[in-house]
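Numbered by mature numbering (1 follows the signal peptide of the UniProt record, and there is no 0), the letters in the sequence shown go through residues -18 to -1, 1 to 333 in order. Quick reminder that beta carbons are idealized off the backbone N, C-alpha and C, glycines included. Here the structure is laid out as structure tokens; the discussion comes afterwards.
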Amino acid sequence: MDLKCLLFIFSFIRLSGAQDITTVGQMSVQRGQSVIIPCLYHQKYTFSHKYLRAGYFWLLSDYVESSDQRCHGKSVLISDDTSRHIFTVRMDDVQKSGYYWCGIQVPSAFDKRATFFLNVTADSPRLHVNSQSVSGSEYGSVTIVCYHQGQSDVKWCKFGGQCITGASGLLDGASVDIRYGLRNMTVRMSRLTKENMGWYWCSSEDLQMPVYITVDENKSFESPVMAESVQVSPSPRRRTAILFLLPVILEILLIIVIYSALRLFKFCKNRFVQSVTEAEESQYVTMHRKQSSRSYGCAAAEGVYENMTGLKTISEIPASSQKSTRPPLVKKSDLSNVSLGDPDYVNVLKS
């Protein structure tokens, strides 16, 4: 096997797997400083293990850091942002230049990987910024200054997206204004929204310098279009939790409705039975009173009849046989003018 075949095989291995992961091509950093390298990957590798290896050839490279704690570097840290499908490599106290690999472990296949070159200098780097992390408020603005050494083709780009090559433009709805100086480029991004949060970079020739922009929610600011509220779609896990809890909540509500209906039915039934019982009792009392009044009338009539019978008997007795000691008799013609309840009349009848 000649040298050309070996170079072809190494080139194939070097380039294979780079379609599903993207990173910077080359960065420049001053010796002893810290640097953060973002690695963008496909969403299908969200839960795969990520790692960093050092070496020109991937097969001959060494593990430096791994997200599954397979190896751990003292000055290297890997952080994985699964929501944005970016894992970052933070390298502190950098001392020497070299090639590195952002890699994703794929079982039973070649790992997905992308290489970058880290150029460590003793003096000021060829392309750098004051800070790789800036923050701004929603609907506000941020300013980034990229320092270079007089290059003319300096650009501002969205990581994994488009670049602004002129003096102004738009990136994901944010307004971008660029001022070019002799050895710097000032970028101002305004009208920021949550969609503008993420990684950007200054690019000059073959160098890139990543910058992460954080957009904080500004509750005191009212958007010009308040009628249309911005709704952030829930994450898949939150949607799954909602779909799982919804039937349980509906069942609980149904049980509460059925229990309330049964209690209401029982209450109405008791009230109805109570009203019917009260109606029957009141009707019985009324009928008893009527019967009592009729009995009293009959008894009174019988008393009058007996009294009248007594009067007739007395009137038929001869006057000569009556003793003078009895009270005088009353004429039948005068009975109509005497009340049955008069005590004197009763006495007369008794006599």
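With a beta-carbon spacing of about 18 Å, leucine 174 and valine 111 fall beyond the 8 Å limit used to define contacts. Proximity of the segment 158 to 168 to the segment 96 to 113 falls short of the contact definition, fewer than three beta-carbon pairs being nearer than 8 Å.
Rounded to whole angstroms, the Cβ separation of threonine 28 and threonine 4 is 15 Å, and the two are not in contact under 8 Å. Residue environment for arginine 245: exposed (fewer than 16 other C-beta atoms within 10 angstroms of its C-beta). Distance from the CA of threonine 103 to the CA of leucine 189, rounded to the nearest whole angstrom, comes to 14 Å. Of the residues assessed, proline 89 falls on the exposed side of the cut-off, its CB having fewer than 16 other CB atoms within 10 angstroms.
Residue environment analysis places phenylalanine 249 among the exposed positions, since fewer than 16 neighbouring C-beta atoms fall within 10 angstroms of its C-beta. Membership of methionine 171 in the beta strand (DSSP E) is indicated by the continuous run 166 to 172. Within a 10 Å sphere around the beta-carbon of threonine 70 sit 16 or more other beta-carbons, which makes this residue buried. Within the same chain, and ignoring the five residues on either side of lysine 26 in sequence, no residue has its Cβ closer than 6 Å to its Cβ. The alpha-carbon of tyrosine 45 is positioned some 7 Å away from that of tyrosine 33. With respect to the C-alpha of proline 20, the residue from Ile60, Leu236 and Leu42 having the closest C-alpha is Ile60.
Residue state for serine 186 is assigned as strand, using DSSP reduced to three classes.
Restricting attention to Asp2, Glu263 and Ala243, the CA atom closest to the CA of alanine 96 is found in Asp2. Residues of the same chain with a CB within less than 8 Å of the CB of glycine 155, apart from the 5 flanking positions on each side, are Arg173, Thr175, Glu177 and Asn178 in chain order. Minimum Cα-Cα distance from phenylalanine 98 among the listed residues Ile146, Gly151 and Val6 corresponds to Val6. Within the same chain, Cβ atoms closer than 7 Å to the Cβ of aspartate 135 are found at Ser186 and Glu187, the five residues on either side in sequence being excluded. When secondary structure is reduced to three states using DSSP, proline 20 falls in the strand class.
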